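Here's the structure we're looking at; comments come further down.
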Amino acid sequence: GRGALKETLLDRAKQAGVLDRLIWVESVPHKEVFRYINLMNTLVLPSETTHQFKTLTSSGWKEQFGHVLIEAMACQVPVIGSDSGEIPNVIADAGLVFPEGDVAALNDRLTQLIDHPEHARELGQRGYQRAIAQYTNHALAKELLSFYRDLQPT
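Following this line, the structure appears as structure tokens:
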């Protein structure tokens with residue numbers, strides 16, 4: 197969107213001759229996000245750990261969840277994510293994971309999906325099933341109710 201690297205990325209896209217193939221989006225209302233996700237062949241979340249931020253309880257930042265992964269899975273779009281923070285746990289067997297910062301590994305995962313579109317479709321379907329089974333409001337409410345029932349004395 198609007199970050200400090202915007203101009204650098206636009207310059208690189210121009211140098212690579214792909215600027216005319218990019219759609220640069222700075223902000224999307226949440227109710228419209230699915231429209232953009234459904235345009236994708238694959239969603240990549242290449243989050244990296246950073247040590248620029250410090251709090252009282254930690255030094256650094258790792259991806260805490262990656263909500264956009266669930267949104268993509270709900271749209272049956274295959275996902276690829278780095279192994280930063282909780283991303284591998286969110287993806288599980290419904291997508292592909294690569295070591296954060298490893299460009300060659302990311303390239304490998306993308307190539308897998310390009311070369312094997314049936315596998316990409318399978319991951320999209322598996323992701324959808326995972327999103328529905330674990331991340332809908334109904335599924336989360338059932339999990340919370342089960343947790344509270346486990347707390348009750350028998």
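Whatever position you read off the sequence shown (first residue = 1), add 196 for my numbering. A virtual CB, placed ideally from N, CA and C, is assigned to each residue, including glycine. Just so you know, these numbers come straight off a predicted model, no measurement behind them.
Opposite residue i in the DSSP bridges: which residues?
i: Thr245; result: For Thr245, which the question treats as bridged, DSSP gives no partner whatsoever.
Is DSSP giving residue i helix, strand or coil here?
i: Phe294; result: strand
i: Gly262; result: coil
i: Gly281; result: coil
i: Leu239; result: strand
i: Val286; result: helix
i: Val229; result: helix
i: Ile276; result: strand
i: Thr332; result: coil
i: Val299; result: helix
i: Gly320; result: helix
i: Pro313; result: helix
In angstroms, rounded to a whole number, what distance separates the CA positions of residue i and residue j?
i: Gln260; j: Glu282; result: 6 Å
i: Ala327; j: Ile266; result: 6 Å
i: Gly297; j: Ser342; result: 38 Å
i: Gly323; j: Lys210; result: 34 Å
i: Asp207; j: Ala200; result: 13 Å
Using 8 Å as the threshold, is the C-beta distance between residue i and residue j below it?
i: Ala329; j: Ala337; result: no
i: Leu309; j: His315; result: yes
i: Arg198; j: Glu222; result: yes
i: Ser243; j: Gly262; result: yes
Legend entry - Segment contact, 8 Å Cβ cut-off, at least three pairs: the stretch 259-275 with the stretch 207-220: With the cut-off at 8 Å, the stretch 259-275 and the stretch 207-220 do not touch.
Inset, instruction - Evaluate the contact criterion for the stretch 273-289 versus the stretch 314-326: three or more CB pairs, one atom per stretch, below 8 Å. - result: With the cut-off at 8 Å, the stretch 273-289 and the stretch 314-326 touch.
Inset, instruction - Count the C-beta pairs between the stretch 236-246 and the stretch 287-297 that are closer than 8 Å, then say yes if the count reaches three, no if not. - result: Pairwise C-beta distances place the stretch 236-246 in contact with the stretch 287-297, as three or more of them are shorter than 8 Å.
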